[in-house]
Amino acid sequence: MMDNMKRTYCSDLGDGTYLNPLLYGEYPDPSILKDGKDYYMVNCGQPMLWHSQDLLHWEPLCKIPFPMGGAADLCKIGDIYLIYNIDPFVRDEKNYKASGIFAIATKNIKCGEWEGPFLVGPALNLPNGAELIDPGMLEDFQGKHWLFMSDNYCFPLSGDGLHITGPGIRVLEDEKFPDDWEIQGIYTEGPRFTKKDGWIYLTLAAGGTEGPPTSHGIFSYRSKSALGPWERSPYNPIVRTCSREEQWLSKGHGTLVEAPDGNWYLAYHGFLRDRYNHSRMLLMEPVEWTEDGWFRVPEWSDPAEPLPAPKGGKAVPHGYPTIIKFPEERSLPGQWLPTGNVRERMRNVESGLLIQGQGSSIHDCGGALCYQGLFRNFEVVIHATVGAGAGMALGMYYTDEFSAGFGLKDGWIWTFWPACNVNRCHGKPYNWDEIYMKMIVHDQVVSMYFGSDGIHWEKTINNTDIDHISCLASIEREDLRSVMLPALFTYGNGDVIYYSFEIRPIPDEDLN
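Just so we're aligned, residue 219 is where the sequence shown starts under my numbering, counting upward by one.
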């Protein structure tokens, strides 16, 4: 079922082809479970469950009541759905202990009610001091269950999948990288399994996910049993970025999935060139099976060009709405990301969304209300009323310190630069409490406009570049997220009422 609501980017071109990404924004390390006609997906870093019936249209189904520390695995044992993950890197640095492997379980995946978390076992320290991450569950041809981890360790599991029952065994050596490959490190991780024609296929990621543009990759192996021996695919790497000039960089961490029509695809993530702060996006390419029983991406496939779409499925309402009127009757799961203590300061009122101010600027206001949708280039327009003593701003949020935007307080419009608490910008007088603000983000430059009617605009003198704010800058963050999002900031000693939020893509021809 589809609706006429304007929504975030959808890859379906409507002519039997699709154009990556499947989801624009931070959707790394996909784990996709095919369950009859339905597909379910989880990603690293965000506690969200997504649903599709055609692999192109994805709807946010529900939030998951447990933090996503690293790459999670979504799987099914009997009629029980499970999500495996690492307790999200919770560490006592003074008395270091490895994190634990946890699972949550449900019989009704669509209801959003999960049991657990259950402690499956410790994420054991290796002799070199490293920690195992990225659990992946395998049910072999004899019905036994195994849990694979990073560095190719395999642990036996109980029948219900909730307990490790024995020591781990390293069943496969790391991939060998040529000296002329620029990678971040070996970092073998993300084990995913497919059973087909009497073989167990193991899909791995290696090379490092946030290193040089050519760092990451997808590698395939096969075996008749969990403990091996594992044969290396002659087509490795299945996917890899070979040049920083490609559109999609650091491509890797794949999940092999069968489409409704019986064709096969490989879903994985990658950075869009020149948009590192848009994070790792969900991509997909077709695969073909060779006569000798291996899979590979066809030579003609290019993730930057339209590709043949999966057939036989149905479209679900995709993504998030891009035109929002407050108060919302019901926002979709994950549509908004309140950081800091914003959730405690916000509430619906009859005329809109009220957020209580705190602090003196966007850098110390206790977080922001972030919208989790992006486009390559876009504009955001908001409408709000600023109460006495309050300040409100529209901008781009990465961390409290590394945010950029502009705001209204006490009759003046001020610009806020990243990591700059001293106001060196030119202020503009604005003598009304009701305001429209427009932010244009094009080629990583943030331009800012304001007005009293949403039609006529005055541009601020100061603009800012945000290209340097990304995971490559090693900026300290409180979680694993590495995306910069459009956001509402509320500061000062009063309240702000927000009436509307709208985001729209800007085609390149609109800016010529």
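Idealized CB from N, CA, C, for every residue including glycine.
- Between the alpha carbons of F596 and P455 lies a gap of roughly 35 Å.
- In this structure, T421 and R410 form a Cβ contact; the two beta carbons are roughly 5 Å apart against a cut-off of 8 Å.
- Here DSSP, grouped into helix, strand and coil, assigns E400 to coil.
- Under DSSP, N566 forms a beta bridge with L571.
- The C-beta distance from F544 to Y709 rounds to 19 Å, too long to fall under 8 Å, and the pair is not in contact.
- C372: member of the beta strand (DSSP E) spanning Y371 to P374, first to last residue.
- Between I250 and P478, the alpha-carbon positions lie close to 14 Å from each other.
- A check of alpha carbon separations from Y257 across Q264, Y439 and E277 identifies E277 as the nearest.
- Taking all protein chains in view, the Cβ of A586 is crowded by 16 or more other Cβ atoms within 10 Å, so the residue is classified as buried.
- Taking M286 as reference, the option from Y302, I295 and G296 with the minimal CA-CA separation is Y302.
- In terms of Cα proximity to V505, the closest of F359, M499 and G480 is G480.
- For the set V604, W482, P521 and F513, the Cα lying nearest the Cα of L500 is the one of P521.
- Counting only unbroken stretches of 3 or more residues, the beta strand (DSSP E) elements lying wholly within the region 427-492 are 435-441, 466-476 and 482-490, in sequence order.
- For C588, the uninterrupted beta strand (DSSP E) segment begins and ends at L587 to Y589.
- For K328, no beta strand (DSSP E) segment is defined, and its DSSP state is neither H nor E.
- Bridge partners of A602 according to DSSP: I653 and Y716.
- Around the C-beta of R462, fewer than 16 other C-beta atoms lie within 10 Å, and the residue is accordingly described as exposed.
- Beyond the five residues adjoining it in sequence on each side, L240 comes within less than 6 Å, by CB distance, of S229, L500 and M502 in the same chain, given in chain order.
- By the neighbour-count criterion, in which a residue is buried when 16 or more other Cβ atoms sit within 10 angstroms of its Cβ, D510 is exposed.
- Nearest neighbour of L273 by Cα position, chosen from C262, I658 and A527, turns out to be A527.
- In the assembly as shown, S569 is an exposed residue. Its beta-carbon has fewer than 16 other beta-carbons within 10 Å.
- Contact annotation: G354 and D291 have beta-carbon atoms nearer than 8 Å.
- Judged by DSSP in its simplified three-state form, A424 adopts coil rather than helix or strand.
- In the structure shown, the three-state DSSP call for L241 is strand.
- Straight through space, the alpha carbons of G552 and A608 are spaced by roughly 27 Å.
- If you look at H269, you'll find it in the beta strand (DSSP E) that goes Q264 to S270.
- Around the beta carbon of H581, a 10 Å sphere encloses 16 or more other beta carbons of the protein chains shown; the residue is thus reported as buried.
- Rounded to whole angstroms, the separation of the alpha carbons of W650 and W630 is 10 Å.
- As a beta-bridge residue in DSSP terms, D683 pairs with V663.
- Using a 10 angstroms sphere on the CB of H496, the tally of other CB atoms reaches 16 or more, which defines it as buried.
- Nearest C-alpha to V599 among Y654, P647, H660 and P340: Y654.
- With a cut-off of 8 Å on Cβ pairs, the region 318-328 is not in contact with the region 399-417, counting fewer than three such pairs.
- In the structure shown, C280 adopts extended strand secondary structure according to DSSP, grouped into three states.
- A straight line joining the alpha-carbon of D683 with that of F359 spans about 54 Å.
- Distance from the Cα of S438 is smallest, within the candidate group F719, H660 and R514, for R514.
- DSSP, reduced to helix, strand and coil, places L251 within a strand of the structure shown.
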